[in-house]
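According to mature numbering (1 follows the signal peptide of the UniProt record, and there is no 0), the sequence shown holds residues -20 to -1, 1 to 321 in order. All C-beta atoms in this analysis are idealised placements derived from N, C-alpha and C, irrespective of residue type, glycine included. Notes follow once the structure below has been shown.
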Amino acid sequence: MARVLILSLFLLSISVSSRAFHVETISFDEGYKHLFGEDNLVVSADRKRANLVLNRYTGSGFISSDYYMHGYFSAFIKLPKENTAGVVVAFYLSNGDVFEKNHDELDWEFLGNKKGKEWRVQTNIYGNGSTMRGREERYLLPFDPTEAAHRYSILWTPNVVIFYIDDIPIREVIRTEAMGSDFPSKPMAVYATIWDGSAWATDGGKVKINYKYSPFIAEFSELVLKGCTSAPIQQSQMSVDLDRCASTELELMTADFAIMTPKMRSDMRRFREKKMTYTVCYDAVRYQSVFPECDNTPEEQEKFWQWGESKTVKPRNRSSKRRSPRGQPAVASLYNVQAVV
């Protein structure tokens, strides 16, 4: 009987870890509103999809109607094609408009590139205005993000921040006492933007946007805003809001996307080994001491230069005509990142 129960639990764990997260999506109007860009925000007739447009006159963006004290936030995003050097698409949480000098922020930043080159993806974590300690990491993607939409998510709880691509965790930051106020702790709104980052986004700003390829369009769909709504309160009022949000916090921390199964950890480790091009954890030039949440090892450190850049993960040109050695089309999937070298 005991063996049957153990087997049943094992099979259940496999089923839970392999299926997509169960989350309820919303229409644009249920959770978001226009931020900037005049007519460059285009919402579909069924209000389930929003396109952000960048042209030579302006970028565009939208913002959540509410602030949230922790939550799970995601969207399917399809990035612009062709020559996107200098283009920046962002999906992020922030309270910078309320806390000017001590804001918190959690970022997905998508950095465009020269024609034929891969988009690069960056995650950032800022707490209490720690803009000099942004905890950046950069990655390549095991698929072409311009061919189809993929889900990008952020889970933010009192104890952990996890970034996901297509329900696979790629980064986990567990709150430690040593982090102090560097861990985001104040209510944040959710943003989506597209803008001209020519000053820094591609080759340190050497390559600028070529508006001959505009308009650049980023598509957002399958929107998820799951958390406890909150006013952008001051730190002294925080305990009242935390008490009010206690039940939502419990629901968040026990949801399938918050429970890191062995398979999820294995997927995350494999992704990071194959796709992470930079991590702040091994950047000995900018930071003299290791960040408290980093689990550094001498063996792993050998894989990174002093600037935190990977010695093994290199960008590559994308081509729809690229073939595998056996003549079959080369297929890259986030669920089989080992196929990508």
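Contact between P60 and V67 holds: their C-beta atoms lie close to 6 Å from each other, under 8 Å.
If you compare the alpha carbons of P195, S246 and F237 with that of Y37, the shortest gap goes to P195.
The alpha-carbon separation between E273 and V141 amounts to approximately 11 Å. Going by C-alpha positions, S44 is about 34 Å away from K186.
Within a 10 Å sphere around the beta-carbon of V265 sit fewer than 16 other beta-carbons, which makes this residue exposed. Here DSSP, grouped into helix, strand and coil, assigns A264 to coil.
Pairwise C-beta distances place the segment 96 to 104 out of contact with the segment 231 to 248, as fewer than three of them are shorter than 8 Å. Its chain contains G39 and V68 as the residues whose beta carbon lies nearer than 6 Å to that of W175, once the 5 sequence neighbours on both sides are disregarded; these appear in chain order. One thing to note: Y144 has its Cβ no nearer than 7 Å to the Cβ of Y72.
Distances from the CA of K58 to each of R27, D46, D84 and F90 were compared; the closest alpha carbon is that of F90. Here E116 carries a coil assignment [DSSP, helix/strand/coil]. Annotated as proximal: H14 and F42, with beta-carbon spacing under 7 Å. Here T228 carries a helix assignment [DSSP, helix/strand/coil]. Around the C-beta of E18, fewer than 16 other C-beta atoms lie within 10 Å, and the residue is accordingly described as exposed. In the displayed model, Q286 falls within coil according to three-state DSSP, outside both helix and strand.
For P149, the uninterrupted beta strand (DSSP E) run begins and ends at I148 to I154, by DSSP.
Judged by DSSP in its simplified three-state form, D236 adopts helix.
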